[in-house]
Structure formats: C-alpha cells, structure tokens
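Peer 1: Here it is, the structure, as structure tokens.
4 protein chains.
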Amino acid sequence: MSHAVPGLAKAVEEIADEMRQRPDRGDVASYIPELARVDANSFGLAVVSADGSVTAAGDSDTSFSIQSISKVFTLTLALGLVGDRLWRRVGREPSGSPFNSIVQLEHERGIPRNPFINAGAIAVTDAILSGHQPREALGEILRFMQFLAHDSSIAIDESVAASEKRTGFRNIALANYMKSFGVLDNPVDYTLGVYFHHCAIAMSCRQLAMAGQFLAHSGRNPATGLSVVSAERAKRINAVMLTCGHYDGSGEFAYRVGLPGKSGVGGGILAIAPGKASIAVWSPGLDKSGNSHLGRLALESLTKRMGWSIFGA
Amino acid sequence: MSHAVPGLAKAVEEIADEMRQRPDRGDVASYIPELARVDANSFGLAVVSADGSVTAAGDSDTSFSIQSISKVFTLTLALGLVGDRLWRRVGREPSGSPFNSIVQLEHERGIPRNPFINAGAIAVTDAILSGHQPREALGEILRFMQFLAHDSSIAIDESVAASEKRTGFRNIALANYMKSFGVLDNPVDYTLGVYFHHCAIAMSCRQLAMAGQFLAHSGRNPATGLSVVSAERAKRINAVMLTCGHYDGSGEFAYRVGLPGKSGVGGGILAIAPGKASIAVWSPGLDKSGNSHLGRLALESLTKRMGWSIFGA
Amino acid sequence: MSHAVPGLAKAVEEIADEMRQRPDRGDVASYIPELARVDANSFGLAVVSADGSVTAAGDSDTSFSIQSISKVFTLTLALGLVGDRLWRRVGREPSGSPFNSIVQLEHERGIPRNPFINAGAIAVTDAILSGHQPREALGEILRFMQFLAHDSSIAIDESVAASEKRTGFRNIALANYMKSFGVLDNPVDYTLGVYFHHCAIAMSCRQLAMAGQFLAHSGRNPATGLSVVSAERAKRINAVMLTCGHYDGSGEFAYRVGLPGKSGVGGGILAIAPGKASIAVWSPGLDKSGNSHLGRLALESLTKRMGWSIFGA
Amino acid sequence: MSHAVPGLAKAVEEIADEMRQRPDRGDVASYIPELARVDANSFGLAVVSADGSVTAAGDSDTSFSIQSISKVFTLTLALGLVGDRLWRRVGREPSGSPFNSIVQLEHERGIPRNPFINAGAIAVTDAILSGHQPREALGEILRFMQFLAHDSSIAIDESVAASEKRTGFRNIALANYMKSFGVLDNPVDYTLGVYFHHCAIAMSCRQLAMAGQFLAHSGRNPATGLSVVSAERAKRINAVMLTCGHYDGSGEFAYRVGLPGKSGVGGGILAIAPGKASIAVWSPGLDKSGNSHLGRLALESLTKRMGWSIFGA
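Protein chains in written order, with my numbering: chain A, 1 to 313; chain B, 1 to 313; chain C, 1 to 313; chain D, 1 to 313.
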C-alpha cells in the first residue's frame, strides 16, 4: 500500500466501526431462507484505489449473495457481445418504479425501462444467451467475474439459485410477459435459469471492489493495464448506474452519495468514484426501496470525507 | 481570458459552426405564439470557466425564454428559504414520466416526484411564495437571477407570461390537483402567477452560464468569491439535475452528455461541469422529450472533447 | 292508490323500519360543512309505481343534496340537445376507478370514460352550456327537473354550490385537464359554475322518484303520457346507469341490487325497475366507494322482495 | 316447436340472412393457427326459448372454440364448490382494461377485478382445481358442460389447447404474477393446464344456447326442471356478465344489446334474456375489444325486434 490515499485508511476504519455499532440496520431480505439466514450484524467495506491497493475493514472477506449487482457485469458482457443493438430491447431511463414492477412493461410494449430493474436484467441475460445453452452462458458470466476480480475461486451459490427458481414467480411473470411481446429470443426457462444463477454468485467486498475497477478507470484495470471496455463505454455504464442503479431510490442515492452505484438485495453495493476508486460495501439490512440501509450511509460518509462525489468538491 | 482552458475556444467555435449547419434541428415549441416565432436556426453556446472567463460562440448574447431552466434557481431559492422542509412537499426521484404528467400525483397523494417536473416546480414556487404577495415573490426570484448573473438587465417577458397564463390549462390542473391534497399553501392563482412569470424570464446563454457558476464551484462564484449556497447543497442540486433535469430523457442525457443539466422548452440547456465550468447552450428545436435537440448534441460533443464527463475521463 | 302493487306498501314500510334501526350507517360526507351537518339517522324511501302512485316511508319528503344523481338528468338533457355527438367527448364504459380519478384522462387524451364520473359529467355540462351564459344553462337544467318531478318548488341550495366552488380543487383540476385536450368548449369557470350548481339541487325522495319515471317507462311519464325521450334512449341511459352509476362500486350494485341506479355523495340513490317503478332512497352515510350504505341495502332488500331485479326472477 | 314465440323464427332467419351478407366482418383471431384457419364467413345463431324449443339459423350446428365463454361455466362451477369464498380471490367490478391487462393486478395486490378477464378466470380455475389433479378438474368441467347442454358429444379441441399452451406467454405471466401474491393455491402449470383446456372446448351455437338456459330461468333448466344453481346465484352471474362480460367493451354491449352476455375470442357470444331465452351467436371476426363484430350486431338487432332488453321495452 505504498501509494495510499491520504485519510482513506482512517476513514474506512472509522466508518466500519461506526456502522458495526448502529442499532438501525434495516430488514434482511426474507423471501428465501438462504438470504434470511445471513447475520444482520455483518458489515464489510473494501476500497480499491487507483494504484490497485485495497483498503478494507469489517467483514470484507466474507462472501455474500451479490444478487442485482451482477447486473452491472451482465450489462457489460452483453454490450461486448451485441453492442448498441442491446438498446433495442431495453431502455436506459430511470423507471420511477419498484425493482419488480410490471406496469411499465404493459405501457411500453414489453421493453423494460433500463437494464437494472429485474425485467431489464432478464432481457440483458437473454441477449447473452443468444442461442447458447444456459450452462455455457453461465460459464461465460462466471469466468468474466473471476477474470475481473482476479480470483478464480468465485462461485455460484447453488442453493440460492435453486430457491430463487422455486419462488421467483414474479420474475417468471416478467419474463413471460416480455416473451409475449417478442422481447426475449430464448426459451423463458433458459433465460431465467441463467438469470437466477448469475444473481446467486457469491463474492466478498474485496472481490467485488476488485471486479469494479475497470469502471473507475476508463474501462481499464490500472493494476494489470488490461482493457475491459472502451473509456466511452465505462462512462456510459456509470451513467446508467447513477440514474437507475437503485430502483426507485436512485435519486436518493445520487443526492446523498453522489456516486454511480448498484445495489443488490443481499445487502451489497458496488460504487464507483471515477478516476479514484472502486468501492464495495455490504450490510444485509435493507431500506424500503430494497437497498442496503447501512451500506448507503457508509458510502455517504465515505464520499463526504474523501470529497469523492461526482457532483462537486 | 488569460487563464484560458486549452482547447476550449477552438472546441466552442467548431461546435457552434457545426451546429449552425446541421439540417436536423427538431421542432420549435408551438403551444404559444411567442415561442413559435423564434428563429429555428438560432444557436448559441457560452462556457464560463473556473477563472470566470467566458468562451462563447453563435447567438450567445441573444435572449430566449429560459422556461424550465428557471426551476434550478427557484429550487435553490426555496432551499435557502425553507431548507430541507421543502422535501416534505416534493420528492427527488426521477419520475419516468413526461414533464406534465398527472398520473404519478394521483398514486402518490399529490406529492410531485421531483422539483423539475412541472408539478414539482409549482410546489417549489408555492414554498417561495409562503404568504407573500405574488409581486414580491417574483421580485425576489428576478433579483436572485440578476445577482447570480451579475446583470440587472435580466427581465421577464410579459407577453410570454401572459400567453402561458391564458393557455396553461394543464398546469392549472396540476396546481389544483396538488391543492386538493393540501400540498399547496397559497391561493392557486397566486402560485401559478409566479410560476408562469419565472418561466418567462428571458436570458442569453452568456447570462445563464454566468448565473450557473455557483453550481460548478462548491456553491461559490469563483470570480467574486461570494457564496450562494453551501458546497453540500450545490452538490445535491447537481445530483437532482442529473437524475431529473430532462424529464423522461434524463437517463439519455446522463448517458450521452454525462453532466448535470436542466433544459427548458425554449430550447435552452444549462449544464454544470463540477470544478470546471458552467455551460449554457441554446437551440430552439426540441426532441420528442421536449429537450433541445442540437443543444444536447453540442453538449455531448463538448464534454467528449474536453473530457468533462462526471462519469470518467 | 287504487292499483297498488301487491306487497309493495308492506315492503317499503318494513324496509324503512329496519333501516332506521341499523347501527351501521356509514360515514356522512364531510368535505363541505353543508353535507357534514346532515343528520346521519335520516332515512327516506319512495317508490313510484307504473300507475303513478307513490309508496313512501321515512324521511321521504325531506330535501337533500342530490349531488351526482343530477348527472342522470344532465345526460338526458345533453343527449336531447346534441344527440349522439355527445359521445365524441365522453365514453360509456365503466372506468374501474374512483369518481374523481384523473389517471384515465391522461391515458385517453382527456376523454372521460363515462358521463357519471366527475370528469364525464363536467364534459356533459359543457355540452349543455354550448355558448350560453351559465345562468341560462342552469335555468334550463332546473326547469327540466321541475318539469320531470311535476314540482316547481325544486331549487338549488346556493350554500352547497358556494362551498363546492370554494373547495372543489379536484374538479377544477379535472376540468382544466380536459380543457388542455380541447374536450371542453366553454370557459372552465362557466362550465364548473353550472356543474357545481346542478350538483347542489335539493330534492326529496318523492320528488326524485317522480322525476325518474320516464326511465322506467320507455321514456314516457305514464301518468301524464308525456314523452321525455325515445324508448331507445331511455333503455340506453338505464344501461349506462347499470354499468357506470356507482363509480368503482358499479359491479357490486348490479350484483346485489340488480337495477340501473345512480348514487350521489349526499346519500341519495335513484334506481329504475324498467316497466315497474322509479325508486329513490336516501341515507346520508356512505360506503368506501362513496355510495349510500343503507341506501344500497334497502334497494337490495326491496328488489329481492318484489322480484324486480333485471337479471331474473 | 308448439309454443313458438311470435316473430322469433322470422327474426332469427332474417338476421342470419343479413349477417351472412355483410362485408364488414371484423378480423379473425390469428394468434394461434387453429383459430386463424376458421372461415370468416361463418355465422350461426341459436335461441332456446322458455319452453325449451330451439330456433336456429346459419351455421348453428358447427362447432367453434368457445374460449372465454367457458368462464361463465367455470364461474358457476367454482361458486358451487367454494361458495362466496370465491370472492376473496377475485373481484366483481368491471376493470376498464383489456382482457389481458396486468396493470390492475399490480395495483391491487394480485386480486383480479372480475372472473371474466383472463387473470380472474385463471383464479377461478385454480379454485376448481383445489388440490385435485388437472385431469380430474378438467373432466368435471367438461361433464358439467355436457350435462348443461344435454349432449355428451361436447369435447375439447386438443390442438387448440396445445397451441394456447405453447404461445400463452401472457397468461403464464398473469398466473405467475398472481402466484407471487399467493392468490393461486395450485402449481401454476396445473392451473394453466386446466385453463387452456377449458378455453379449448368446442361447441356449436345450439349446444351453447342449451347450456345457458339455467341462467335465463332462475337457475333451472325449464325443460328438465333440474335446478343448476339457486335463483339468486343465477341473477348474480347474469349481473357479472352484464358489467364485465365483454372486457373494455362491456359498457358498449350493455348500451347496444341490453342483455347479460359473454364473448369469446373464437367469435362466439352467449347472451341471456332473463325469463325469455338463452341465445348463442357465432361469427369469427372480432372488433377492437376482441368481441365478435357481427355477433354483437346480430344480438342488437334481435333484442330490438323481440323487445328483450333488460333495460326497458
């Protein structure tokens, strides 16, 4: 950690301490037993700076279900595979609706508003599948995550995937609804199978922050120098994260944290400080929009202390 | 212009040249004769850099109706007057709906989604009024604009205001609808009178870019050193502009331009490059979301050339 | 009462007795003081048989505010004035929405679903006005009511009309909203002035049941032999009453009572048993859809005892 | 046909003649090949009078896919099985929406508005299943139809059912959506299997009119004297047919025809003239609401000629 950012280690440590002690932790997702079992007192934070050094605190090496955070990476992958044609089947406007709303789909002929609500992420998954077997597509997604995080131990939690599949009636509804408008190309079961599995990838804050680096640095991993996407695409993915990354709490996240970010119902959030850092935080308790309650507070505190908001010093 | 930003003058000049020649100019707003009469070939661009210097091209000194851009300044003023209590009567989430939609109001008991859709801006105007006479409130708004732009010649175009009042049935509907939920405190006529008038303020790109400086520089006018709002508040207003500033085209603007911005149906856009510049562009032709067509293209080109996107280099 | 319908007098008496004693009376409308002041224990019932004889019980001669029941008569009048052209500005489908919903108007370009929700009745009133002064139109409506009920003492309760005008923000919103789509021809103030006044007509159950006779008897008053509308039109108005007469409680009313009917927020209901009777009931307490709670129960009991349901013996 | 209703035979004959010759026939449903193949020139009409005599014309003995008309009979069956508890999972208000809308479900927590829109009929089918095997439930529905029509030859068109199953993504979406709210008890596949099959029952106008008799005669088949449901229930089913039987064209059907009725996308309509007749008409071309175009015109003409409207002579 030779090029340590001044004040970062102290900020990360103090924020983790404060968050571990707060009594208001939100409610842990309970729709499947695998998520409900997670310890509500968990808290992890990891920051990867521009030089590749990691500053972490709390349960930053504990794996959790990344859930919707996976949508950032499937969007990246799908744009790589089909390019801007992807935007024919999914928009990039905030929906103003909860993550699993179907109303907007009826009014807009099955085209989801953006790739970060469930319907949109299912459409993106369908684009990745594009005729392949679910197993192959899923392998590609997983290898992409392992490549980005430089960690081949990252795996799918099969029990989470199985539970999602068993109880995911609303996602099945969304997928069939889009299929009825011709928005999905593959058999609904295939697309949903891949979707449920990539949402069930388990990662730690450290792994997640590592994987997000390319978004903070013009599409490149600054440590390895490898380019993942063009600088233009990295900016654009960040823009979609900022406007759509937290469902109907996206405006609030931008207002308070001031960074592009994507949350998951497992309690994780990936946030990007362009040019400065890739950040992952995890606290399982959720607010009413389904975003990590303490995760957002931790990020709000961190950006304020570090002056990292994209909206001004 | 001693501290000129390298490449800025050339970029501004070339973009203005290119835009003046483009045949695709969108459609000029025609719902009132005063706006319909504007020359569709007009194009102006003005950039105020961190040192206060102005780089301008095209019709940058021609006055136009700022319309909804005024909402940025009334939001600023209202936050100064009532602070965070303002958020009890207006949200700060993107609406996913057109500028004049009333549907969301019915589902959310008269609380507009954000201060930049019409309903929200009317609620903000009502907060500024708060018991005063319309004339006083309007005077305060106008003097605030003159102060910010350092230009006491800025005035209201009374014929525009009168036309809006005569034909603004949808805004009258929105205001009465909110009144029925108790969201407005003042007589509807008073609130709408002030609203129609502040939307009718006429300014040039140069004046508008001057007025926006405090948002680019932590709440302060860097030339005068005078503080308008706190750094925190400036960031937050920028965040709301980014997520909500272009109605149901906000995601697109973030995706392509990558700056907080606010458009008006008169064809103007104010955009903020935090720490770097306050930018105003004007081209009267609009796209289907009611935002300036060439204005957005010009800003997209400018941010790309100058590397000003908040989402990465 | 020579041609008395067997069992009717006993049924009316017993139902009135039962209703007077029930403790569950619903909530009296309280949005204006004039309605809130009404005695919740009031109950009136009047039935005009095919021979013109009146069977009444309870407070059947007490005047109450007929409110939305007036919409049946303004619809009749408007059809007389402009014929089927009326259906260009108002539909005849149930809305599935509350009486004052504005959502449907946005989705259907300002055309109200039917003439019995507020928006639709305002559009109908506008058709009656058609260029005349409000005073003239209102005089025409009032004289029509007096003619139908054979009673020139029927009058408008000016204090109710004034209260409605002072607090009717939602109706003002609906009217301006329609005006923005060009659905209203007259100045909004004129149309609403007439609307608020005809809703403020005060009548007793006896007067109301008298006025409704033409709908029960092929468009004709069987006592006088005078034709009010064609048999075809009478049937059609009854059909619209059946499908749309009780807002989002219309299905329930058809299911339980089985007669075309129109309720008002003053607690009155006019119901038509085609070929048999015109019925008016009044009890000020309302259910959650804004329809008279005991009024509906009384009608349910009456139609069951008399075998008057249009859906079978 | 000893007790022939005067004028009926002539009316039926002349209406069938007129309808066969009309050039405006609407569009035949084309979402599955089995329906698309039907001859657009087909027209059948059958009326069963109170004495059980059948008056028929045109293709009244040709089988067609009854589709949504089956919902009348599954509603009857479900009410027999679970009584008024059925109304806990389905409402009885008109929806004001197309037959396959999902918007209302989101706003009302998965409870369909009425048993005649697709979602509602799926919920009703689920109540019939209630733990049984699909095959058993389907057998019960089919035997009920055969019993009512006095015709054991009535059968399911398996190729239609298979097509519906293969392409019914929107119905799969609706069912899973309700399942996510706990409105369905059985496995979604089971419920939909039964639903798709009972919609694929094939019947002729004659068979259908026979089957509907109990609704015209206080719950009893007047020929056999056998009671199917109570008089009260027959009336209530008729009421739901009147307000909800034609999707967002229900108001129009009541306005023009004036009888309770239920249409199917196969072009059939069952209509009930209480106390007088059970009527079935078939013409495959549909109007924009998905109801038989000539079917409705034929019924409009028939009720006018026979004076059968429930809304007055």
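The beta-carbon is built from N, C-alpha and C at its ideal position, and this holds for glycine as well.
Pull out every residue of the segment 235-246 of chain D whose Cβ sits closer than 7 Å to any Cβ of chain C, in chain order.
Peer 2: Cβ contacts with chain C: Lys235, Arg236, Asn238, Ala239, Val240, Leu242, Thr243 and Cys244.
Peer 1: At a CB distance below 7 Å, what residues from the segment 92-107 of chain A approach chain D? Give them in sequence order.
Peer 2: For the segment 92-107 of chain A, which is checked against every Cβ of chain D, the residues closer than 7 Å are Ser101, Ile102, Val103 and Glu106.
Peer 1: Pick out whichever of Val90(D), Leu302(D) and Gly268(D) has its Cα sitting closest to the Cα of Arg206(D).
Peer 2: Residue Gly268(D) is the option with its Cα nearest to Arg206(D).
Peer 1: Would you tell me roughly how many angstroms separate the C-alpha atoms of Ala231(D) and Pro23(D), rounded to the nearest one?
Peer 2: So the alpha carbons of these two residues sit roughly 41 Å apart.
Peer 1: Looking at the strands, I want to know which residues DSSP matches up with Phe311(A).
Peer 2: Partner(s): none; Phe311(A) has no beta bridge.
Peer 1: For the alpha helix (DSSP H) containing Ile237(A), list its first residue and its last residue.
Peer 2: Residues Ala231 to Cys244.
Peer 1: Do you know offhand how far Leu215(A)'s Cα is from Arg170(A)'s?
Peer 2: The alpha-carbon atoms of Leu215(A) and Arg170(A) are separated by roughly 31 Å.
Peer 1: Below 7 Å on C-beta distance, what does Ala173(C) contact in chain B?
Peer 2: Those within 7 Å of Ala173(C) in chain B are Ala173, Asn176, Tyr177 and Ser180.
Peer 1: With 8 Å as the threshold, decide whether the Cβ of Phe73(D) is near any Cβ in chain C.
Peer 2: False, the Cβ-Cβ gap to chain C never drops below 8 Å.
Peer 1: At the 8 Å Cβ level, is Arg233(D) part of the contact set with chain A, yes or no?
Peer 2: With 8 Å as the cut-off, Arg233(D) does not count as an interface residue toward chain A.
Peer 1: Quick check: what's the CA-CA separation for Asp248(B) versus Asn114(A)?
Peer 2: Between Asp248(B) and Asn114(A), the C-alpha separation is close to 12 Å.
Peer 1: In chain order, what residues of the segment 107-124 of chain D put their CB closer than 7 Å to some CB of chain C?
Peer 2: Of all residues in the segment 107-124 of chain D, Arg113 and Asn114 have a Cβ within less than 7 Å of some Cβ in chain C.
Peer 1: I want to see whether chain A comes within less than 8 Å of Phe196(D), judged by CB atoms only; does it?
Peer 2: Answer no: the Cβ-Cβ gap between Phe196(D) and chain A never drops below 8 Å.
Peer 1: Between which residues of its own chain and Leu129(B) is the CB-CB distance below 8 Å, once the five residues before and five after are set aside?
Peer 2: Within the same chain, Leu129(B) has close Cβ partners Ala137, Asp185, Asn186, Tyr190, Thr191 and Val194.
Peer 1: Using a C-beta to C-beta distance shorter than 8 Å, which residues of chain A count as neighbours of Phe169(D)?
Peer 2: Going along chain A in sequence order, the residues near Phe169(D) (Cβ under 8 Å) are Asn176, Tyr177, Lys179, Ser180 and Val188.
Peer 1: Which residues in chain D sit within 7 Å of Ile279(C), going by Cβ to Cβ distance?
Peer 2: Within chain D, no residue comes near Ile279(C); the closest Cβ sits about 15 Å away, beyond 7 Å.
Peer 1: Curious, which full-length alpha helix (DSSP H) runs of at least 4 residues does the segment 176-205 of chain D contain?
Peer 2: Qualifying alpha helix (DSSP H) stretches, in chain order: 188-199.
Peer 1: In the DSSP assignment, find the unbroken beta strand (DSSP E) run with Leu45(B) in it and report its ends.
Peer 2: Residues Gly44 to Ser49.
Peer 1: Who are the neighbours of Pro222(C) on chain D, taking C-beta pairs under 9 Å?
Peer 2: Here the premise fails: no neighbours, minimum Cβ distance about 12 Å.
Peer 1: For Ala83(C), which of helix, strand or coil comes out of DSSP?
Peer 2: In the sequence under discussion, the amino acid at residue 83(C) is Gly, which differs from the Ala named in the question. Helix at Gly83(C).
Peer 1: I'd like to know whether the C-beta of Gly267(A) is nearer than 8 Å to at least one C-beta of chain F.
Peer 2: Given the protein chain composition of this structure (A, B, C and D), no chain F is represented.
Peer 1: Assuming Ala261(B) and His246(B) form a contact by the criterion Cβ under 8 Å, report the distance between their Cβ atoms to the nearest whole angstrom.
Peer 2: The question names Ala, but residue 261(B) in the sequence shown is Gly. That belief holds up - the Cβ atoms of Gly261(B) and His246(B) are roughly 7 Å apart, short of 8 Å.
Peer 1: Going by beta carbon distance, what residues of the same chain come within less than 7 Å of Ile111(B), once the five residues before and after it are set aside?
Peer 2: Same-chain partners within the cutoff: Arg89, Val90, Gly91 and Val183.
Peer 1: Among Gly44(B), Val228(B) and Arg20(B), which one has its Cα closest to the Cα of Phe147(B)?
Peer 2: It is Val228(B).
Peer 1: Going along chain D, which residues have a C-beta under 8 Å from Glu252(C)?
Peer 2: Per Cβ cutoff of 8 Å: Arg92 and Glu93.
Peer 1: Contact defined as beta carbons within less than 8 Å: I believe Gly44(B) pairs with Ser204(B). What is the distance between those atoms, to the nearest angstrom?
Peer 2: Contact flag correct, Cβ pair sits at about 7 Å.
Peer 1: Chain A beta carbons: is any one of them nearer than 8 Å to that of Ile154(B)?
Peer 2: Chain A contact via Cβ: absent.
Peer 1: For chain C, is any of its Cβ atoms less than 8 Å away from the one on Val5(D)?
Peer 2: It does not: the Cβ of Val5(D) has no partner Cβ on chain C nearer than 8 Å.
Peer 1: In its own chain, which residues sit with a C-beta less than 7 Å from the C-beta of Asn221(D), not counting the 5 before and 5 after it?
Peer 2: Taken in chain order, the residues that qualify are Gln213, Phe214 and Val228.
Peer 1: Can you give the Cα-Cα distance for Val82(B) and Gln67(B), rounded to whole angstroms?
Peer 2: Approximately 23 Å between the Cα atoms of the pair.
Peer 1: Is there a C-beta anywhere in chain C that falls below 8 Å from the one on Asp248(D)?
Peer 2: Yes, Asp248(D) counts as interfacial toward chain C.
Peer 1: Below 8 Å between beta carbons: does that hold for Asn100(D) and Asn176(A)?
Peer 2: Contact: no.
Peer 1: Taking the C-alpha atoms as reference points, what is the distance between His197(A) and Arg135(A)?
Peer 2: Each residue's alpha carbon lies about 10 Å from the other.
Peer 1: Check each candidate in Arg233(A), Ala173(A), Glu252(A) and Ser159(A) and name the one with the smallest Cα separation from Ala78(A).
Peer 2: Ranking the options by Cα distance to Ala78(A), first place goes to Arg233(A).
Peer 1: Taking only the alpha-carbon atoms, compute the straight-line gap between Met19(A) and Val54(A) and give it to the nearest angstrom.
Peer 2: Approximately 19 Å between the Cα atoms of the pair.
Peer 1: Under 7 Å between beta-carbons, which chain D residues line up against Ser309(C)? List them in chain order, please.
Peer 2: Simply Lys235.
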